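Number of protein chains: 2
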Amino acid sequence: MKVYVAQQNYHIGNFSLNQEKMINEVKLAKQLGAELVIFSELSVCGYPPRDFLEFEDFILQAEATVAEIAKHSEEIGILVGAPTRNPQKEGKDLFNSAILLFEGKIQGVAHKTLLPNYDVFDEYRYFEPAYFWNVIPFKGKKIAVTICEDIWNLGDNPLYRVCPMDELMKQSPDLMINISASPFDYDHDEDRKEVIRLNVMKYRLPMIYCNAVGAHTEIVFDGGSLVYAADGELKHELNYFSEDTYLTETDQLIGSVEISRQTISKISADMRVAKTTDPAKITGYLTNENNIAQIKAALVLGIRDYFLKLGFKKAILGSSGGIDSAVVLTLAVEALGAENVTSILMPSAHSSAHSVDDAVQLSKNLGNPYHTIGIGNLYDGFLAALDPLFSGTNFGVAEENIQSRTRGNLLMAIANKFSYVLLNTSNKSELATGYGTLYGDMAGGLSVIGDLYKTQVYALAHYLNKDKEIIPGNILTKAPSAELRPNQKDSDSLPEYDLLDQVLYFYIERRKGPSEIISMGFDEALIKKTLRLVNLNEYKRNQFCPIIRVSTKAFGVGRRLPIVAKYLS
Amino acid sequence: MKVYVAQQNYHIGNFSLNQEKMINEVKLAKQLGAELVIFSELSVCGYPPRDFLEFEDFILQAEATVAEIAKHSEEIGILVGAPTRNPQKEGKDLFNSAILLFEGKIQGVAHKTLLPNYDVFDEYRYFEPAYFWNVIPFKGKKIAVTICEDIWNLGDNPLYRVCPMDELMKQSPDLMINISASPFDYDHDEDRKEVIRLNVMKYRLPMIYCNAVGAHTEIVFDGGSLVYAADGELKHELNYFSEDTYLTETDQLIGSVEISRQTISKISADMRVAKTTDPAKITGYLTNENNIAQIKAALVLGIRDYFLKLGFKKAILGSSGGIDSAVVLTLAVEALGAENVTSILMPSAHSSAHSVDDAVQLSKNLGNPYHTIGIGNLYDGFLAALDPLFSGTNFGVAEENIQSRTRGNLLMAIANKFSYVLLNTSNKSELATGYGTLYGDMAGGLSVIGDLYKTQVYALAHYLNKDKEIIPGNILTKAPSAELRPNQKDSDSLPEYDLLDQVLYFYIERRKGPSEIISMGFDEALIKKTLRLVNLNEYKRNQFCPIIRVSTKAFGVGRRLPIVAKYLS
Numbered sequence: 013m014k015v016y017v018a019q020q021n022y023h024i025g026n027f028s029l030n031q032e033k034m035i036n037e038v039k040l041a042k043q044l045g046a047e048l049v050i051f052s053e054l055s056v057c058g059y060p061p062r063d064f065l066e067f068e069d070f071i072l073q074a075e076a077t078v079a080e081i082a083k084h085s086e087e088i089g090i091l092v093g094a095p096t097r098n099p100q101k102e103g104k105d106l107f108n109s110a111i112l113l114f115e116g117k118i119q120g121v122a123h124k125t126l127l128p129n130y131d132v133f134d135e136y137r138y139f140e141p142a143y144f145w146n147v148i149p150f151k152g153k154k155i156a157v158t159i160c161e162d163i164w165n166l167g168d169n170p171l172y173r174v175c176p177m178d179e180l181m182k183q184s185p186d187l188m189i190n191i192s193a194s195p196f197d198y199d200h201d202e203d204r205k206e207v208i209r210l211n212v213m214k215y216r217l218p219m220i221y222c223n224a225v226g227a228h229t230e231i232v233f234d235g236g237s238l239v240y241a242a243d244g245e246l247k248h249e250l251n252y253f254s255e256d257t258y259l260t261e262t263d264q265l266i267g268s269v270e271i272s273r274q275t276i277s278k279i280s281a282d283m284r285v286a287k288t289t290d291p292a293k294i295t296g297y298l299t300n301e302n303n304i305a306q307i308k309a310a311l312v313l314g315i316r317d318y319f320l321k322l323g324f325k326k327a328i329l330g331s332s333g334g335i336d337s338a339v340v341l342t343l344a345v346e347a348l349g350a351e352n353v354t355s356i357l358m359p360s361a362h363s364s365a366h367s368v369d370d371a372v373q374l375s376k377n378l379g380n381p382y383h384t385i386g387i388g389n390l391y392d393g394f395l396a397a398l399d400p401l402f403s404g405t406n407f408g409v410a411e412e413n414i415q416s417r418t419r420g421n422l423l424m425a426i427a428n429k430f431s432y433v434l435l436n437t438s439n440k441s442e443l444a445t446g447y448g449t450l451y452g453d454m455a456g457g458l459s460v461i462g463d464l465y466k467t468q469v470y471a472l473a474h475y476l477n478k479d480k481e482i483i484p485g486n487i488l489t490k491a492p493s494a495e496l497r498p499n500q501k502d503s504d505s506l507p508e509y510d511l512l513d514q515v516l517y518f519y520i521e522r523r524k525g526p527s528e529i530i531s532m533g534f535d536e537a538l539i540k541k542t543l544r545l546v547n548l549n550e551y552k553r554n555q556f557c558p559i560i561r562v563s564t565k566a567f568g569v570g571r572r573l574p575i576v577a578k579y580l581s
Numbered sequence: 013m014k015v016y017v018a019q020q021n022y023h024i025g026n027f028s029l030n031q032e033k034m035i036n037e038v039k040l041a042k043q044l045g046a047e048l049v050i051f052s053e054l055s056v057c058g059y060p061p062r063d064f065l066e067f068e069d070f071i072l073q074a075e076a077t078v079a080e081i082a083k084h085s086e087e088i089g090i091l092v093g094a095p096t097r098n099p100q101k102e103g104k105d106l107f108n109s110a111i112l113l114f115e116g117k118i119q120g121v122a123h124k125t126l127l128p129n130y131d132v133f134d135e136y137r138y139f140e141p142a143y144f145w146n147v148i149p150f151k152g153k154k155i156a157v158t159i160c161e162d163i164w165n166l167g168d169n170p171l172y173r174v175c176p177m178d179e180l181m182k183q184s185p186d187l188m189i190n191i192s193a194s195p196f197d198y199d200h201d202e203d204r205k206e207v208i209r210l211n212v213m214k215y216r217l218p219m220i221y222c223n224a225v226g227a228h229t230e231i232v233f234d235g236g237s238l239v240y241a242a243d244g245e246l247k248h249e250l251n252y253f254s255e256d257t258y259l260t261e262t263d264q265l266i267g268s269v270e271i272s273r274q275t276i277s278k279i280s281a282d283m284r285v286a287k288t289t290d291p292a293k294i295t296g297y298l299t300n301e302n303n304i305a306q307i308k309a310a311l312v313l314g315i316r317d318y319f320l321k322l323g324f325k326k327a328i329l330g331s332s333g334g335i336d337s338a339v340v341l342t343l344a345v346e347a348l349g350a351e352n353v354t355s356i357l358m359p360s361a362h363s364s365a366h367s368v369d370d371a372v373q374l375s376k377n378l379g380n381p382y383h384t385i386g387i388g389n390l391y392d393g394f395l396a397a398l399d400p401l402f403s404g405t406n407f408g409v410a411e412e413n414i415q416s417r418t419r420g421n422l423l424m425a426i427a428n429k430f431s432y433v434l435l436n437t438s439n440k441s442e443l444a445t446g447y448g449t450l451y452g453d454m455a456g457g458l459s460v461i462g463d464l465y466k467t468q469v470y471a472l473a474h475y476l477n478k479d480k481e482i483i484p485g486n487i488l489t490k491a492p493s494a495e496l497r498p499n500q501k502d503s504d505s506l507p508e509y510d511l512l513d514q515v516l517y518f519y520i521e522r523r524k525g526p527s528e529i530i531s532m533g534f535d536e537a538l539i540k541k542t543l544r545l546v547n548l549n550e551y552k553r554n555q556f557c558p559i560i561r562v563s564t565k566a567f568g569v570g571r572r573l574p575i576v577a578k579y580l581s
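Listed in order, the protein sequences are those of chains A and B.
Throughout the first sequence, residue numbering follows the numbering used here, covering 13 to 581 in sequence.
Throughout the second sequence, residue numbering follows the numbering used here, covering 13 to 581 in sequence.
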């Protein structure tokens with residue numbers, strides 16, 4: 013059987029666009045002689061639709077879209093992802109389903125069993141898990157259709173009490189097809205290949221795996237769909253971070269290699285094994301070039317899809333002459349084009365001359381428009397207006413924040429005037445410790461590098477410079493500073509970033525507690541101070557814009573902590 | 013058996029405080045001759061602990077707290093709520109449990125079966141649902157212990173496929189105890205009483221129901237714990253919105269009234285029935301005095317606990333002379349004391365004289381400190397700074413927003429300088445339609461009335477004035493205006509609030525789609541415009557502060573929609 017894998021980029025809730033994309037692809041597949049086309053999870057409505065699923069109108073539109081696509085299935089099977097209704101009174105109203113369309117009708121439906129409900133996922137909020145399983149017969153083959161997470165319940169710490177492929181095996185399928193919306197993080201691609209290979213080896217069946225591609229607010233799907241032969245050989249890997257298609261003949265996926273059970277169980281035991289707890293290795297792990305290259309691709313796609321899918325063309329950002337804004341500007345220029353990214357330089361009395369020069373040089377290298385607006389007069393105006401209340405107090409955080417918020421106000425005014433979107437330039441180390449000003453440098457519509465620790469921002473800057481110097485060398489070498497008071501350095505307030513980022517990684521990505529981190533050899537006072545800062549500043553992050561997610565644990569929808577609490581704080 | 017119901021206000025993650033509160037109450041209960049003390053759901057760590065549950069350190073502290081409390085159980089049973097570990101390899105790592113402590117040891121444990129995972133709830137993110145059930149024997153009685161949602165699976169649209177009380181009935185219990193953390197909304201108290209009564213009537217057993225009280229960021233627990241006799245008679249109802257305790261003798265809860273099965277099924281069918289779809293009735297429903305009185309109590313508790321539990325004493329807010337800031341100021345003064353709430357008047361050239369006068373009169377009525385800072389010069393400064401970019405453009409939203417953000421900058425500067433918390437004054441109608449300025453009037457640490465439609469804000473203002481005029485009459489009667497351009501009125505941009513709020517209610521609380529709302533008799537263009545505004549402005553609400561939740565569907569953690577999407581927009 014000739015199966016055509018369609019790895020596409022959908023738009024959530026944009027049924028007409030998604031339908032058109034899918035039908036166009038079906039027509040193309042027909043011309044190529046395909047017998048079955050497969051699309052990714054919830055392809056009809058886009059993933060994740062979140063609470064739109066609670067609207068009857070939304071479900072009706074999804075059903076209407078499936079019906080339209082079915083009209084094109086007279087001569088070809090089409091496997092689409094869509095929400096379907098639970099006919100039972102008990103349980104939630106919907107299933108997350110794969111629907112096989114053929115000869116104009118629904119020929120078979122498989123419901124998702126394992127509903128991820130961790131990190132950014134909320135599927136149990138909407139869907140009833142499947143509790144019966146049937147292969148779908150098509151053209152003489154019995155297909156075991158599963159959806160994303162369904163094939164991930166392997167290894168030492170199974171999250172679920174059932175395994176849908178084990179159930180489907182009772183009906184002796186010939187082939188596995190998994191349709192997914194599996195998001196990118198810089199560990200995930202290798203994990204994913206390994207999980208799929210393990211399924212192939214466990215069940216001794218070919219696997220055709222169709223993933224989504226494209227960014228939806230914070231979540232980036234990286235594509236990389238896979239075709240495995242029954243012997244565990246990877247036959248084809250589709251593109252990462254872009255749309256792609258592939259036609260495969262399933263008869264050529266039957267394997268012959270005998271696999272020993274021992275090998276399987278050994279590999280299975282390695283799954284989801286904790287990564288190193290050796291602090292010395294963490295910086296290298298966070299900044300290795302393979303990861304940084306993937307991160308860069310994810311961020312560029314994340315910016316591009318944010319603008320494209322919201323209908324904006326132009327971005328604005330504050331260019332301080334520091335490393336963070338330099339990296340964001342460089343990525344934005346790649347994603348949107350130099351002419352579409354305006355940088356604004358807003359020096360104050362505390363800005364060093366080289367900061368302005370560096371920012372100017374950067375924009376000259378990139379060829380993007382820039383403007384300079386000094387904030388000195390505005391800052392003095394605020395101090396004068398506040399003098400009746402502030403007189404007799406010392407310069408402090410309030411005065412620092414006035415400068416930052418004045419810049420935020422200028423940037424937003426320009427964005428509002430010309431319909432630009434303000435790109436935020438905060439990094440994960442700052443967001444973690446609260447080293448930023450709410451409504452000031454924390455303003456913006458999209459955070460580009462909010463999931464990168466400062467050490468990763470440096471690594472990414474070097475990576476962006478690998479072919480030629482785009483980011484001026486001085487930006488890479490000078491000590492980080494917010495430049496909100498005379499001779500300020502980040503290290504006046506924060507530990508050195510190498511050390512800080514290691515601690516933050518163990519606390520945020522790895523959820524280690526203070527005693528666990530101290531036992532790795534870190535200073536106790538440093539740990540207590542750092543963890544306290546992270547927890548106290550939850551209120552700031554709660555008002556922060558969406559962050560393009562590239563790690564296993566980004567701030568935002570995937571990390572949910574109480575603001576009013578007292579834990580390690 | 014003498015059972016002591018302890019309805020307490022906990023602090024999330026503050027194990028030492030919670031432990032002290034619980035042990036003190038156990039000592040008091042002993043003195044009163046109680047044989048069993050019951051505390052609410054997850055009392056040991058506070059509810060909802062959210063992702064703190066993913067930290068091993070947090071679980072260890074919860075276990076240590078249970079062990080400390082157990083030391084006080086030598087002569088008295090203590091039923092506490094705590095996370096416990098799932099000993100099985102399969103499934104999630106934790107249960108949400110009720111633990112019976114007696115004679116210094118754990119005597120029995122019941123795990124929660126029905127894990128709410130809708131609206132503000134995420135329990136399936138952390139917990140494995142119970143799949144075995146046992147009554148807990150104590151002092152010759154068999155107690156059916158359930159946790160919150162476990163008793164809510166009645167009626168026409170059961171969310172779950174199991175019913176834990178049905179399972180427990182197989183072991184012939186003598187008594188039902190339910191420990192809860194059941195949040196307030198202005199419909200919920202009546203629902204809750206009805207659900208508990210229905211359980212009593214279905215199982216013909218007494219029910220002792222212990223709820224939490226207190227506010228945690230956005231969620232307000234309203235207490236109102238209940239004791240029902242087996243015949244369905246309500247024996248006692250504990251206080252709402254404050255801590256309370258009650259000692260009951262279970263022998264006096266055995267009922268004698270015969271209940272007909274028909275009555276039960278009839279009432280059961282009425283549960284969770286949709287409320288009216290008659291638009292003419294909605295305004296009356298939203299503003300009825302019983303609901304408004306409860307909302308007021310919830311908001312005062314919400315403000316008070318936010319400050320108390322975060323360790324702040326003083327609030328600041330912008331007082332515009334409009335209805336929203338007047339209501340927030342009045343509530344804040346009640347919650348924190350007049351001396352602890354500073355209002356700042358920030359007139360511009362577009363402010364009418366009466367606005368300032370009204371704001372001054374309000375603060376005189378309340379006796380709270382106020383200051384006036386004109387923003388004219390600052391606004392002119394921004395326009396001058398932006399002139400190189402803005403010259404030749406017309407006055408528009410950008411200029412309006414500069415005024416609003418200048419006020420935000422001033423308020424935040426004062427808040428930062430003196431460690432005040434800025435209270436936000438946006439209402440739900442504005443938040444829904446995006447009629448507000450990000451980082452301007454949308455700034456603040458806590459939104460007090462962000463879950464009240466404008467018509468409800470008026471009703472609350474009248475309620476606050478019911479004994480004497482606190483809010484000046486002029487504020488109640490003048491047409492709403494943002495005063496950001498000459499002679500501006502809200503009705504220039506938005507439909508009249510009566511009509512708008514009805515539409516918003518059907519879309520937000522009731523999740524009706526456009527065709528459903530139009531079929532109620534609303535104008536099609538109005539519906540399309542309104543729903544589009546709501547969906548387009550998701551990005552603004554995403555950066556908004558926590559909102560004290562009083563309705564069945566507040567903006568914030570309980571309503572999760574994609575920002576990058578195209579649905580009804």
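Cβ coordinates follow ideal geometry from the N, Cα and C atoms, glycine included.
Predicted model, so just to flag it, every value in this text is computed and none were measured.
Three-state class that DSSP yields for residue i in the structure shown
{"i": "G116/B", "result": "coil"}
{"i": "T405/B", "result": "coil"}
{"i": "G226/A", "result": "strand"}
{"i": "A142/B", "result": "coil"}
{"i": "G314/B", "result": "helix"}
Beta-carbon spacing of residue i, residue j below 8 Å
{"i": "D162/A", "j": "N190/A", "result": "yes"}
{"i": "D3/A", "j": "I482/A", "result": "Only positions 13 to 581 of chain A appear in this structure, which leaves residue 3/A out of reach."}
{"i": "H383/B", "j": "I414/B", "result": "no"}
8 Å contact criterion, which residue i and residue j should meet: CB distance rounded
{"i": "V15/A", "j": "L48/A", "result": "5 Å"}
{"i": "S459/B", "j": "I304/B", "result": "About 18 Å separates the two Cβ atoms, so there is no contact after all."}
{"i": "I220/A", "j": "V239/A", "result": "5 Å"}
Min CB distance residue i to chain A below 8 Å
{"i": "F556/B", "result": "yes"}
{"i": "N428/B", "result": "yes"}
{"i": "N380/B", "result": "no"}
{"i": "R137/B", "result": "yes"}
Closer than 8 Å to chain B by CB, residue i
{"i": "A286/A", "result": "Because the pLDDT of A286/A is 40, which lies under 50, any placement of that residue in the model is unreliable, and the number read from its coordinates should be weighed accordingly. Not closer than 8 Å to any Cβ of chain B, the Cβ of A286/A fails to qualify, so no."}
{"i": "R544/A", "result": "no"}
{"i": "T229/A", "result": "yes"}
Could you tell me which whole alpha helix (DSSP H) segments of length 4 or greater appear in the stretch 19–74 of chain A?
27–43
Beta strand (DSSP E) runs wholly inside the stretch 407–453 of chain B, at least 3 long, in chain order
433–436
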